[in-house]
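Inspection log for the structure reproduced underneath, given as structure tokens.
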Ligand SMILES: [Fe+2]
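In my numbering, the protein residues as written are 20 to 161.
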């Protein structure tokens, strides 16, 4: 069974953001499979670059969306995004410097992010959305 299976209860019902979240699950799954099959060393460099790119584009989209819906906890939420970005940059520099020992650390980091950020902080954005008068869960398109 995948460590990184997407579940519908992670969905914010905002298609662009949900699609981007699914990409992160897919990246985690790819890393997990590579570790299990002994192929993680070759994947680390492209994967960590992908995570750095992902953070730049996805967080910009999500933060833009939070402004649009006047999400009250945006500053704390952005702080979590910044922490992700910083951590990924530390990993990225180490991997580019030749460190191939970080696969499990990156895997654990991704797993924690999916549970603690997508499963908790992003879920609070969904709760806020659902409380908006007249906004059916699928009413907002970005
Ligand atoms: Fe987020």
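Where is the CB? At the ideal position from N, CA and C, for every residue including glycine.
All values reported here derive from a predicted model rather than from experimental measurement.
- Rounded to whole angstroms, the separation of the alpha carbons of residue 109 and residue 82 is 23 Å.
- Under the three-pair Cβ rule at 8 Å, the segment 43-63 does not count as touching the segment 94-105.
- By the 16-neighbour rule on beta-carbons within 10 angstroms, residue 86 is exposed.
- Using a cutoff of 7 Å, the CB of residue 80 does not count as near ligand 1, since none of the ligand's heavy atoms is closer than that.
- In this structure, ligand 1 has a non-hydrogen atom nearer than 7 Å to the beta-carbon of residue 136.
- The Cβ atoms of residue 47 and residue 129 sit closer than 8 Å to each other.
- Annotation for residue 99: the continuous alpha helix (DSSP H) segment containing it runs 93-115.
- By the criterion of a C-beta distance shorter than 8 Å, residue 100 is surrounded in its chain by 74, 78, 81 and 82, once the five residues flanking it on both sides are discounted.
- Around the beta carbon of residue 123, fewer than 16 other beta carbons lie within 10 angstroms, which makes this residue exposed.
- Per the C-alpha coordinates, the member of 132, 151, 134 and 140 positioned closest to residue 94 is 140.
- Relative to ligand 1, residue 68 has its C-beta separated by 7 Å or more from all heavy atoms.
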